[in-house]
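Written below as structure tokens is the structure these notes are about.
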Amino acid sequence: MPNSTYFVQECSTCGRKLQVRIEYLGKNVVCQHCGAKFAAVDHSTGDLHDDTSMSVLQRADELIRQSGICLARAAENQTIG
């Protein structure tokens, strides 16, 4: 991606500063230097992107997606019947 946006985060194991794409916020990433896994969190935004809020947002997205599927099926059933 040529137009990606990054933030800087230190590896929780080796302390090296890594550039992490914002698309990975709230997800587990791997340090390219030591291989350690840790959650991508931009600490400059405060608690805005902590694990709890990200999991709540992910759950909300999943529920919205599922409700869209249910509405589409209901609409299909009405046009068929």
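Numbering-wise, the working numbering comes out as the position in the sequence shown, counting from 1, plus 8. Beta carbons are placed, not taken as given, at the ideal position from N, Cα and C, and that holds for glycine. Every value quoted in this text rests on a predicted model; they were computed, and no experiment measured them.
In this structure, Tyr14 places its C-beta atom within 8 Å of the C-beta atom of Val28. Taking all protein chains shown into account, Val49 has 16 or more neighbouring C-beta atoms within 10 Å of its C-beta and is therefore buried. When DSSP reads this structure, Asn36 sits in a beta bridge with Ala47.
DSSP places Arg81 in the helix class (H, G or I) of the three-state scheme. Taking C-beta atoms under 8 Å as the contact rule, Cys22 and Ala44 qualify, at a distance of about 7 Å. Cβ neighbours of Lys25 within its own chain (closer than 6 Å, five residues either side excluded): Val16, Glu18.
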